[in-house]
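Novice: Before I ask anything, here is the structure I am working with.
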Amino acid sequence: MTRKIADCRDMPSESGCTLAITGEEEEVVAAAAAHAATVHGHTDNEELRAAIRNELRDAPSEAAPGGFVQLIEFRADAQRMERFDELAQQWKHDIGTDRTAGWFLVGADRDEPGRYVQIVEFPSYEDAMSNSKHPATGRIAAGMSELVDGEPSYRNLDVVRAETP
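This is the structure in structure tokens:
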């Protein structure tokens, strides 16, 4: 069974809470409802639990054989890269529970300043294509094109082997 996640960062909140709860669906709903009641002052009732259930998504997993990773290489100056985090946060908000990306990272090349690599993990190639077709992804891609010099290069990689030492 796929683990689920409820992440306060994905919910509208004045407190800026960053708690994420992961587990089996009913466990997550119960724990998230208790958290919402004790920390955020909500009433633990069926309406709250339905709202939490509606916002659940599959929990990110480690890359595994059969998964898919996209590597995007691009050039930009450090000043424009400050906007990258804003775009990523807006994308996460806009795509919401339709998000199929498990995780992503951005790395700055130590040996070649101004060169960056973004790595995005998906459970499968099909999930990556679903993500690519989403309007929120189109918007972040358009925003990214304004940040980078030239055209980014893409590498589409099927995960053959993944280990955590």
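For the sequence shown, the residue numbers in numbering that gives the first Met the number 0 are 0 to 164.
Where a beta carbon is used, it is the ideal one built from N, C-alpha and C, also for glycine.
Going residue by residue through the region 97 to 155, where are the continuous alpha helix (DSSP H) segments of at least 4 residues, counting only ones entirely within it?
Specialist: Listed in chain order, they are 124 to 132 and 134 to 146.
Novice: How would you call L104, buried or exposed, if buried means at least 16 neighbouring beta carbons within 10 angstroms?
Specialist: Counting Cβ neighbours within 10 Å, L104 comes out exposed, since fewer than 16 surround it.
Novice: Have a look at V38, V28, E25 and T1 and flag the residue whose alpha-carbon is nearest the alpha-carbon of T17.
Specialist: Selected option, being the one with the closest Cα: V38.
Novice: For N130, does the count of other Cβ atoms within 10 angstroms reach 16, so buried, or fall short, so exposed?
Specialist: The residue in question, N130, is buried, as its Cβ has 16 or more Cβ neighbours within 10 Å.
Novice: Going by the beta-carbon positions, is the gap between V210 and I118 smaller than 8 Å?
Specialist: Any answer about residue 210 is impossible in this case: the structure gives the chain only from 0 up to 164.
Novice: Going by Cα to Cα distance, which pick from D57, L55, R56 and A30 is closest to N44?
Specialist: If we check each option's Cα against that of N44, A30 comes out closest.
Novice: Beta strand (DSSP E) containing A19: first to last residue?
Specialist: A19 -> beta strand (DSSP E) spans A19 to G22.
Novice: Would you mind working out which of R154, A35, W90 and R114 sits nearest M80, comparing C-alpha positions?
Specialist: With distances taken between Cα atoms, M80 lies closest to R114.
Novice: Go ahead and pull the three-state DSSP assignment for E72.
Specialist: Looking at E72 - three-state DSSP - the assignment turns out to be strand.
Novice: Would you give the residue range spanned by the beta strand (DSSP E) that A5 belongs to?
Specialist: Run containing A5: K3 to D6, per the beta strand (DSSP E) assignment.
Novice: My output table needs one value for D157: the three-state DSSP class, helix, strand or coil.
Specialist: Residue state, collapsed to three classes: strand.
Novice: CA-CA distance, Y153 and D126?
Specialist: Approximately 17 Å between the Cα atoms of the pair.
Novice: With a 10 Å radius around its C-beta and 16 neighbouring C-beta atoms as the bar for buried, classify R109 as buried or exposed.
Specialist: Counting Cβ neighbours within 10 Å, R109 comes out exposed, since fewer than 16 surround it.
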